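Residue numbers (the working numbering): 5 to 238.
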Amino acid sequence: MARDKTETTAPRKKRWYHQYAEAYRMTREVDRSVTWILLAIFVGVTAVGVLVGLLLDHVVYFTVLAVPFALMATMLVFGRKVEAAAYSRIEGQPGAALAALRTLRRGWTFLEQPVAIDPRTQDMVFRGVGRPGVVLVGEGPHGRVTKLLEAERKRTARVISGAPVIVIECGDGEGQVPLRKLPGKVRKLKQQLTKAEVAEISKRLTALGAAKLPVPKGVDPMRARPDRKGIRGR
């Protein structure tokens, strides 16, 4: 009996232009002016090339030369707009800090679930391990999440015996790190441990586990994060 065509047909692979189209649609939902901004940048850079060509009497040469630079400038701004739109869509949702942290490429391992959570307020603490040490990221208002972070810091410090424990609050309050700047803040932390020490600390922290309650629904950390591959057309 012949096999069903739906079973034998492989799923269609997304082309790079499909990823760009999805990124553009997502960005336009948040920022309606993105189309005009991108057009203005492309036309503006190209116009500068034409103007220089007119002044030097080499219009064709400088126009052709300006087009690649115009594309580069347009794509650079587009990438920033896509990233800003992605953060805007998840900002304020439970688990947004984890979504932002998962944009960190290499060198960090973050648990899928919070290590501490307040069921009533939904304040959370997420834990990551990397060469700078153990980082605890609290999500919630300063007055509430501080106590949750301090309790988790003491619990973690008892297990890792002397290794650095960095505490960061994510939010818009005083002394807190805004969601969009969170990955950069963690990325800039100074490395203090060897790879072997990181592996040993990770093994010890496994015993602590995560919080009993899962991340509340409303944000999928794997889907909500800014899609850097899509931005670059991969």
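We put the beta carbon where it would ideally sit given N, CA and C, even for glycine.
Given the structure is predicted, the values throughout are model-derived calculations rather than measurements.
Let me check understanding here. Comparing Cα to Cα, which of the options lies closest to residue i?
| i | options | result |
| --- | --- | --- |
| Ala51 | Ala70, Glu33 and Val163 | Ala70 |
| Phe114 | Pro123, Gly99, Gln126 and Asp122 | Gly99 |
| Lys192 | Ala211, His22, Pro72 and Ile170 | Ile170 |
| Ala200 | Leu58, Arg36 and Gly111 | Gly111 |
| Pro168 | Asp176, Cys174, Lys158 and Val64 | Lys158 |
| Ser165 | Val202, Leu75, Pro123 and Gly96 | Val202 |
| Thr198 | Val190, His146, Val138 and Gly144 | Val138 |
| Ala103 | Glu26, Ala211, His62 and Lys185 | Lys185 |
| Cys174 | Gly144, Val190 and Ala161 | Gly144 |
| Val34 | Ile94, Ile172, Gly132 and Lys194 | Ile94 |
| Leu75 | Gly57, Gly53 and Ala90 | Gly53 |
Output the boundary residues of the beta strand (DSSP E) element that contains residue i.
| i | result |
| --- | --- |
| Gly134 | Met128 to Gly134 |
| Glu173 | Val169 to Cys174 |
| Thr113 | Trp112 to Phe114 |
Once DSSP output is grouped into helix, strand and coil, what is the label at residue i?
| i | result |
| --- | --- |
| Thr198 | coil |
| Leu140 | strand |
| Thr107 | coil |
| Leu183 | helix |
| Ala27 | helix |
| Ala120 | strand |
| Glu204 | helix |
| Ala101 | helix |
How would you call residue i, buried or exposed, if buried means at least 16 neighbouring beta carbons within 10 angstroms?
| i | result |
| --- | --- |
| Ala155 | exposed |
| Trp40 | exposed |
| Leu140 | buried |
| Tyr65 | exposed |
| Lys85 | buried |
| Gly179 | exposed |
| Asp176 | exposed |
| Asp127 | buried |
| Met30 | buried |
| Ile125 | Reading off the sequence, residue 125 comes out as Thr, not Ile. Label assigned to Thr125: exposed. |
| Pro72 | exposed |
Assuming residue i and residue j are in contact, meaning their beta carbons sit under 8 Å apart, how far apart are those beta carbons, in whole angstroms?
| i | j | result |
| --- | --- | --- |
| Phe82 | Leu43 | That pair is no contact at about 11 Å. |
| Leu242 | Ala101 | Because the chain spans 5 through 238 in this model, residue 242 falls outside it and cannot be assessed. |
| Leu105 | Phe130 | 7 Å |
| Leu209 | Val163 | 6 Å |
| Arg135 | Gln196 | 7 Å |
| Thr78 | Phe46 | 5 Å |
| Pro187 | Leu108 | 6 Å |
What residue range does the alpha helix (DSSP H) around residue i cover?
| i | result |
| --- | --- |
| Thr150 | His146 to Ile164 |
| Ala44 | Val38 to Leu60 |
| Gly83 | Val63 to Ile94 |
Using 8 Å as the limit for Cβ to Cβ distance, is residue i near chain D?
| i | result |
| --- | --- |
| Trp112 | Among the chains in the structure shown there is no chain D, since it carries only a single protein chain. |
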